[in-house]
Structures are given as C-alpha cells and as structure tokens.
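Input: a single structure, listed below in structure tokens.
There are 2 protein chains.
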Amino acid sequence: MIIDIHGHYTTAPKALEEWRNRQIAGIAHPAGMPKPSELRIGDDELRESIERNQLRLMRERGLDLTIFSPRASFMAHHIGDFQVSSTWAAICNELCHRVSRLFPDHFVPAAMLPQSPGVDPATSIPELVKCVEQYGNVAINLNPDPSGGHWTSPPLTDRHWYPIYEKMVEYDIPAMIHVSTSCNACFHTTGAHYINADTTAFMQLIQGDLFHDFPTLRLVIPHGGGAAPYHWGRYRGLAQVLKKPALREHLLKNVFFDTCVYHQPGIDLLTKVIPVDNILFASEMIGAVRGIDPETGHNFDDTKRYIEATQDLSPEDRHKIYEGNVRRVYPRLDAALKARGR
Amino acid sequence: MIIDIHGHYTTAPKALEEWRNRQIAGIAHPAGMPKPSELRIGDDELRESIERNQLRLMRERGLDLTIFSPRASFMAHHIGDFQVSSTWAAICNELCHRVSRLFPDHFVPAAMLPQSPGVDPATSIPELVKCVEQYGNVAINLNPDPSGGHWTSPPLTDRHWYPIYEKMVEYDIPAMIHVSTSCNACFHTTGAHYINADTTAFMQLIQGDLFHDFPTLRLVIPHGGGAAPYHWGRYRGLAQVLKKPALREHLLKNVFFDTCVYHQPGIDLLTKVIPVDNILFASEMIGAVRGIDPETGHNFDDTKRYIEATQDLSPEDRHKIYEGNVRRVYPRLDAALKARGR
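Same order as they appear, the protein sequences are chains D and X. First residue of the first sequence: 1, per this note's numbering; consecutive thereafter. First residue of the second sequence: 343, per this note's numbering; consecutive thereafter.
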C-alpha cells in the first residue's frame, strides 16, 4: 500500500472560498458575518471535486490512501480573532471529514487547529478532541507561526505549546509542523515561508530538549525537512556546538521528514542523509507546484517517481517509506486500516 | 589559486567587542558613548589574531586568498540608529582593510554597510564609496533584513534597494546577501536565520524582474543558496507557475551560490544541480560551525575536502569554482591580482 501523508483539500468547491470571503468581510462589518449553516456543499459536489482531482491523480500515480487536511494556505490563522479561526477550522475540518466518509478507502483526515496569534494554544483543544473522537482524524497540522510570517509566537520547544503536545501524547497522534499563508511581503508563501518554517522548526528542536519532556511525541517536518537534510552537516555541527547529543539520539526518535521534494537529486540526498525509518512518503498533491517539469515530462509533484528511481533504497526501504513508517508514526491510521482488514 | 569568497573577521581582538559593548550601552546613556578613537588595536594584535586563526587554517587547508568582511553576526544593524550603525561599520571595515594591508597576499576586503531598519539604503553609499575607493574593497555584504529577524524591509526586488544596486553596477562589484544576528527568538542566528534569508532572497528574485533593470548586477547567495538547490525542482516549478523564464535564463546570469555546505552529500547535490559557472568556493571559516565532524575526523567547514571528493567535477570545473568564476564575478579582485602579477 502507498500512503501519501501530506494532501490538502485545495480543490474544495468554490462555495467554500465565497463563504470565507464573506466571513473576512464580516470581521469589519459584523452585520454581514455569515453563519456556518449558510455554507451548503452537497455530497455530489464534494465527490466531484475529489474524483476529478486528487483521486484521479492518485489512481494515475498508483497511490492508495492520502492523509487529508484542510488547505494549508487557507488556514490563515492571522485573519480575525479566535472566534473567526474557530468557526473556519470547524468548517474546513468537517469538509475533510465528509470527504473521508465518501471515500473511506482513499482519504483519512488530519485536522487544522483554530489557532490565532497571541491566543493560548489550549483553546484549540476542543476542536482537536472533536476531530479525533468524532471525525476519526489521525493527526493534526500545527502552525508554529499563526501570525503568518511575523513569527510572534514562542519557539515550539516553549511551554506555550505544551497543552497541544499533552493532548497529542494522550491520543498518540503526530503533528505536521505546517505554516499557512504569508502576510509578510518578504516571504512568498510556498517558496519561502513554508520552507523557512520547516528549517526554523528543525533548528528550534535542536536548541531545545522537547523530547526529554515528551519522549513519545512525534513531529513531521514537511517539504523534505526544509533545508535541514541539505545542510545536515551544519545541523550535526551546531548540535555539537550546543552540547546536544548527536541528532539521531537527540531528535530522530521523534522527528520525521516527508518526501515533498520535487526533483530527483533532492530525493537522492534526502534518502542518503536521513535514516530510512524517518522518511514518510508524501506529494502535497494538489499543492504548491502544479505543472509538468519540462526536464522530465512528468508532474513536479509526482514524488513516487523519484522514490522509485533513487538508487539507495531497497524494496524493504521503499515499503517503509510508503507504508511501514506511516503505520508506526500514525498508529490511529494503522488501527483504522486494520479494522478494515488492510 | 584557491580563493575563499566568504570569510568573516570573527577573531578580532577582544577590544573590538568591548568597544561595541560600550557603544551599545551608550545608546541609553549618551554620556558614556565611546569615541572611535578610543578603540586602539595595534598591528601586532591584528597580525596575531589572523596568523593564529584564519591564516593558520588557510595554510593547513591549502587556501590562498580570502575575501574578508566584518563578522556577520556582529553587524547587528537592528541595534541603535543610523549613526550607531555608521560608526560601527566604519570601525569594522577599517579593521578588515588593515588586515588586507598586513596580509596583502592572503586577504582582500569586502564591506559591511551601515544599514539601519527603516532608513533609506542610500545612506550607506558614502561608506561603500570609501571602502571601494580608499580601502580596495571588491564586494559588499547586503543585509536584506536589518531588523534582525522581523523582516520589516521590502523585498530585494523593490526600488527601495536600487540606490545600492546603482552604485554596485557603477563600481562593478557584487553583493553577498547576508543577514546578521537574529533578535527573534524563533530564529537561531546561524541555524535558521542565515539559511532562511538565503532561501527568502532567492525566492524574492524569482518573483521579481530585478535583472531586467540591472542586467549586470551580481548577487551571491551564501550558505550554498540556503534551501534553493535542495528544492531546485520546487523553484523551477514555481518560476513556471509565476510565468517567469526558466531559472537559467531568469536568474543564473546574475546569481551565484557559495559552497558553505558542511557535508559531502550537500556539496554533491550543489554541484549536480547548479551549473558549475554559478558556484564559488567558500568555507565561512572561522564561522558558524566550529568543530570536527566525528563522521570524517575533519572540520565541518573544511569545504575544500568535499569539493575535491565530489565525483561530478572535472579539474576544469574545480578551477572555475576555486578561481575562474571568482575572477569573473569579482572583477576588482581580478584586477588587483593581475596588478600583482597573479
């Protein structure tokens, strides 16, 4: 089985964006604030938006299952207050939940949280509980920068975030560390802010001792770990300068990297540098880079091709990346699959 | 000849840091503000600080010449106002100038600028002119984020920066895009802020059309280009999405990457992905990562070893990286060398 751990619902029916635009307008003009019940999207529309897009590409590429979360760039936690984020997160998570019920063989949900800049992350826990207990979510996306490019929250190793980690440990679910859209003109959202956030999070984890306090906590750094694998020598060296244990001991029991790296040399480096047990298959499809690579004739984000072509992996290694590691890091997914005889 | 294009004066005599601390204290208590003339460092002290450190390592590693600029993390443009930065930049640039006069065969200076958050970059031009015309500087370091991790300046493609570019074109000097220390707790200075800045700058250049306005402008992205080479497929794809020309056409006549990547697989990727004409040898020695890699028994920042060991380079390629490209990108260095018969 091939499991893509990083898919976002980027193709939701237009009504979702229209509702969101009304919500954003309603921040300044509360009389126009729409109710959640005013958003009406039928099952047929959901089905069509998935069948024509993600599911079509999954079938073309031979992917079986996607861990599916709301569109990352639309989380936009910097917009409005906690109530705005809370309503928006509930709507987006419900849609991913419905997709997973319509396509139970192909999509399993992961939740966005109703984060808001300056607001205690503990306020996100009721939504998290609902998504795990009622919607069958197997993971969350945690935004280390709800300000959208101004980086006003403390580092991920700060106790500020501990309420979320405690709940993750209780439910035995991992978090993908994933920012949203950038409202800082310096940072292109998918070309700079995403990759910087991955790099930033990884270095925060080197500096801290988070897994001393949470030995079973698991974090996924997306987009191939940002710059971390390419600069693995720098990070090994900085850990040494900071008198931390070697990275394998310090972080690699708890930190995992996805394969959203859109060319062969990048995947070759990732699989050479990072232990295979820490790599999880992903494409972030349909996401940041839509289009065909003129150098290969295939989609940039068809990451399975790179995994298949890389020289350093045995069939057993590929099985780990596609499925084995995923079942280990996402035990609620493993349990759900086993309950269905998979 | 082997030229290291990225060395900082990180080993200046202690008196420099003491003077700076008095200057910082003087911001709040102007009566205690020290005069530049109160900093006294003799030639013997300068000689010793270099001979015991950079020059010793250059000899051990077989490096001939370093393009030498003030310590990057100490630029700290966010401290004080323009006058504070201006005095500090003048002192630091004068020290590098003196080192280059004491060791004319081994060090050629590059200037820091007296940038200050919210201040017009044109105010840096007098210092730049002095450094080029009187001190023989062959390049500048340009900080895209004088705020130190808050990213309050416009992107590098904004007209805000054009006065600097106009002067660079006039003098035919390149700029290394190099941030300074981070005062944002989210970003470790050398592990996150430096690498993020490289990635951010590269993406800004993709988004803009800077080299349409300045066809001969040359920018160096240090630290192996941040995350850019590892995510080269993403960047090629994003350029395509943004309807820009292919990266070779759009950026690679004007943008260069150094080799400050501290492990073999990273250098292997860099030299595979980036055209050899765009790679410049550098170690950033003595810099961010001091120490011996237990996996190799050699210093992490002994980057010449990786260049020597990588499989994809011919002797002609290595000559380009070590010297040929450098003479082309830094024509004032080439002229200075030729004037000395080198």
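Each residue gets a CB set at the ideal place from its N, CA and C atoms; glycine is no exception.
Range of the contiguous alpha helix (DSSP H) that encloses Ala414 of chain X: One-based indexing of the second sequence puts residue 414 of chain X at position 72. Here the alpha helix (DSSP H) through Ala414 of chain X covers Ala414 to Met417.
Which same chain residues, not among the five before or five after Ser442 of chain X, have their C-beta less than 8 angstroms away from its C-beta? Reading the second sequence from its first residue, position 100 is the one you call residue 442 of chain X. Counting only Cβ-Cβ distances below 8 angstroms, and skipping sequence neighbours, we find Phe410, Phe449, Val450, Pro451, Tyr477 and Gly478.
Can you check whether the CB of Ile537 of chain X is closer than 8 angstroms to the CB of Ala227 of chain D? Translated into positions along the first sequence, residue 227 of chain D becomes position 227. Translated into positions along the second sequence, residue 537 of chain X becomes position 195. Yes, Cβ-Cβ distance for Ala227 of chain D and Ile537 of chain X is below 8 angstroms.
Go to Trp24 of chain D, then tell me how far its alpha helix (DSSP H) extends in each direction, as first and last residue. Within the first sequence, the letter at position 24 stands for residue 24 of chain D. For the record, residue 24 of chain D in the displayed sequence is Ile; it is not Trp. Looking at the DSSP string, the run of the alpha helix (DSSP H) that includes Ile24 of chain D is Lys14 to Ala28.
I need the DSSP call for Ala517 of chain X, collapsed to helix, strand or coil. Position 175 of the second sequence, counting from 1, holds the residue named residue 517 of chain X. Annotated three-state conformation of Ala517 of chain X is strand, per DSSP.
Residues in the region 122 to 147 of chain D with C-beta within 8 angstroms of chain X's C-beta atoms, listed in sequence order? With the criterion set as a beta carbon lying under 8 angstroms from some beta carbon of chain X, the members of the region 122 to 147 of chain D are Pro144 and Asp145, in sequence order.
For Asp4 of chain D, which three-state DSSP category applies? As a working mapping, residue 4 of chain D is identified with position 4 in the first sequence. Asp4 of chain D falls in the strand class under three-state DSSP.
Looking at the secondary structure, which residues open and close the alpha helix (DSSP H) in which Asn93 of chain D lies? The sequence position of residue 93 of chain D within the first sequence is 93, counting from 1. Phe82 to Leu102 is the span of the alpha helix (DSSP H), which, as asked, contains Asn93 of chain D.
For a contact defined as C-beta to C-beta under 7 angstroms, what are the partners of Gln207 of chain D on chain X? Numbered from 1 along the first sequence, position 207 holds the residue referred to as residue 207 of chain D. Within 7 angstroms Cβ-Cβ: His530.
Beta-ladder partner(s) of Phe68 of chain D, from DSSP: The residue given as residue 68 of chain D occupies position 68 in the first sequence. Per DSSP, D:Gly7 and D:Pro109.
At which residues does the beta strand (DSSP E) containing Ser132 of chain D begin and terminate? Along the first sequence, one-based indexing puts residue 132 of chain D at 132. What sits at residue 132 of chain D in the sequence shown is Val, not Ser. Judged by DSSP secondary structure, Val132 of chain D falls outside any beta strand (DSSP E) and instead within the alpha helix (DSSP H) spanning Ile125 to Glu133.
Would you mind reading off the limits of the alpha helix (DSSP H) that contains Phe529 of chain X? If you number the second sequence from 1, residue 529 of chain X lands on position 187. It is not in any alpha helix (DSSP H) - Phe529 of chain X carries neither H nor E in the DSSP assignment.
Cβ of His640 of chain X within 7 angstroms of any heavy atom in the ligand SAM? The ligand SAM is not part of the structure shown, which contains no ligands of any sort.
Bridge partner(s) assigned by DSSP for Leu219 of chain D: In the first sequence, residue 219 of chain D corresponds to position 219, counting from 1. DSSP, once it has assigned bridges, lists D:Ala175 and D:Val255 as partnering Leu219 of chain D.
Report, in whole angstroms, the separation of the C-beta atoms of Pro144 of chain D and Ala197 of chain D, which I expect to be a contact under 8 angstroms. By one-based count along the first sequence, residue 144 of chain D stands at place 144. By one-based count along the first sequence, residue 197 of chain D stands at place 197. Distance from Pro144 of chain D to Ala197 of chain D at the Cβ level is roughly 6 angstroms; contact confirmed, criterion being Cβ atoms closer than 8 angstroms.
Mind pulling the chain X residues with CB within less than 7 angstroms of Ala12 of chain D? In the first sequence, residue 12 of chain D corresponds to position 12, counting from 1. Those within 7 angstroms of Ala12 of chain D in chain X number zero; the least Cβ separation is about 20 angstroms.
According to DSSP, residues forming a beta bridge with Asn483 of chain X: The residue labelled residue 483 of chain X in the question sits at position 141 within the second sequence. Paired residues: X:Met454 and X:Met518.
Just the Cα atoms here: how many angstroms apart are Tyr672 of chain X and Gly633 of chain X? For this step, residue 672 of chain X is matched to residue 330 along the second sequence. For this step, residue 633 of chain X is matched to residue 291 along the second sequence. Distance between the alpha carbons of Tyr672 of chain X and Gly633 of chain X: 30 angstroms.
Can you check whether the CB of Lys614 of chain X is closer than 8 angstroms to the CB of Asp654 of chain X? Indexing the second sequence from 1 puts residue 654 of chain X at position 312. Indexing the second sequence from 1 puts residue 614 of chain X at position 272. Cβ atoms of Asp654 of chain X and Lys614 of chain X: closer than 8 angstroms.
Using a beta-carbon distance cut-off of less than 8 angstroms, what residues from the region 10 to 40 of chain D approach chain X? none
From the DSSP output, in three-state form, read off Leu238 of chain D for me. Counted from its first residue, the first sequence places residue 238 of chain D at position 238. Three-state DSSP puts Leu238 of chain D in a helix.
Simplified DSSP assignment, three categories, for Asn196 of chain D: Against the first sequence, residue 196 of chain D aligns to sequence position 196. Helix, per DSSP.
When you compare the CB of Ala175 of chain D with every CB in chain X, is at least one pair closer than 8 angstroms? Numbered from its first residue, the first sequence carries residue 175 of chain D at position 175. Answer no: the Cβ-Cβ gap between Ala175 of chain D and chain X never drops below 8 angstroms.
Comparing the C-beta of Trp503 of chain X with each C-beta of chain D, is any distance below 8 angstroms? Within the second sequence, residue 503 of chain X is the residue found at index 161, counting from 1. No, because no Cβ of chain D sits closer than 8 angstroms to the Cβ of Trp503 of chain X.
Nearest to Met33 of chain D (by Cα), restricted to the options D:Gln83, D:Pro294, D:Ser180 and D:Ile221: Counted from its first residue, the first sequence places residue 33 of chain D at position 33. Selection D:Gln83, D:Pro294, D:Ser180 and D:Ile221 evaluated against Met33 of chain D yields D:Gln83 as nearest (Cα-Cα).
Endpoints, alpha helix (DSSP H) assigned at Ala677 of chain X: Here residue 677 of chain X refers to the residue found at position 335 when the second sequence is read from its first residue. Pro673 to Ala681 is the extent of the alpha helix (DSSP H) around Ala677 of chain X.
Can you grab the Cα-Cα spacing for the pair Gly225 of chain D / Ile267 of chain D, in whole Å? Counted from its first residue, the first sequence places residue 225 of chain D at position 225. Counted from its first residue, the first sequence places residue 267 of chain D at position 267. Those two C-alpha atoms are separated by around 11 angstroms.
I need the straight-line Cα distance from Leu142 of chain D to Lys509 of chain X, nearest angstrom please. As a position in the first sequence, residue 142 of chain D is number 142, starting the count at 1. As a position in the second sequence, residue 509 of chain X is number 167, starting the count at 1. For Leu142 of chain D and Lys509 of chain X, the distance between alpha carbons rounds to 45 angstroms.
Between Trp574 of chain X and chain D, is there a C-beta pair that is closer than 8 angstroms? Residue numbering aside, residue 574 of chain X sits at position 232 when the second sequence is read from its first letter. Output row for Trp574 of chain X: interface = yes.
Check whether chain X comes within 8 angstroms of Thr310 of chain D, counting only Cβ atoms and requiring the distance to be less than that. Working through the first sequence from its first residue, we reach residue 310 of chain D at position 310. No, Thr310 of chain D lies away from the interface with chain X (no Cβ there is under 8 angstroms from its Cβ).
Tell me the residue span of the alpha helix (DSSP H) that contains Leu156 of chain D. One-based indexing of the first sequence puts residue 156 of chain D at position 156. First-last for Leu156 of chain D: undefined, no H or E at that position.
Supposed close pair Ala453 of chain X, Thr523 of chain X - CB separation, criterion 8 angstroms: Residue mapping note: residue 453 of chain X aligns to position 111 of the second sequence, counting from 1. Residue mapping note: residue 523 of chain X aligns to position 181 of the second sequence, counting from 1. Actually they are not in contact, since the Cβ atoms of Ala453 of chain X and Thr523 of chain X sit about 18 angstroms apart, beyond 8 angstroms.
Reduced DSSP secondary structure (H/G/I, E/B, other) of Ile506 of chain X: The residue you call residue 506 of chain X lines up with position 164 of the second sequence. Ile506 of chain X falls in the helix class under three-state DSSP.
Counting Cβ pairs, one atom from each stretch, are 3 or more of them under 8 angstroms apart for the region 250 to 257 of chain D and the region 275 to 287 of chain D? Enough Cβ pairs lie closer than 8 angstroms, so yes.
So Ile173 of chain D packs on Arg332 of chain D, CB below 8 angstroms; how close in whole Å? In the first sequence, counting from the first residue as 1, residue 173 of chain D sits at position 173. In the first sequence, counting from the first residue as 1, residue 332 of chain D sits at position 332. With 8 angstroms as the limit, Ile173 of chain D and Arg332 of chain D qualify as a contact, their Cβ atoms being about 6 angstroms apart.
Work out the CA separation of Pro446 of chain X and Glu626 of chain X for me, nearest whole Å. For the purposes of this step, residue 626 of chain X is taken as the residue at position 284 of the second sequence. For the purposes of this step, residue 446 of chain X is taken as the residue at position 104 of the second sequence. Whole-angstrom Cα-Cα distance: 19 angstroms.
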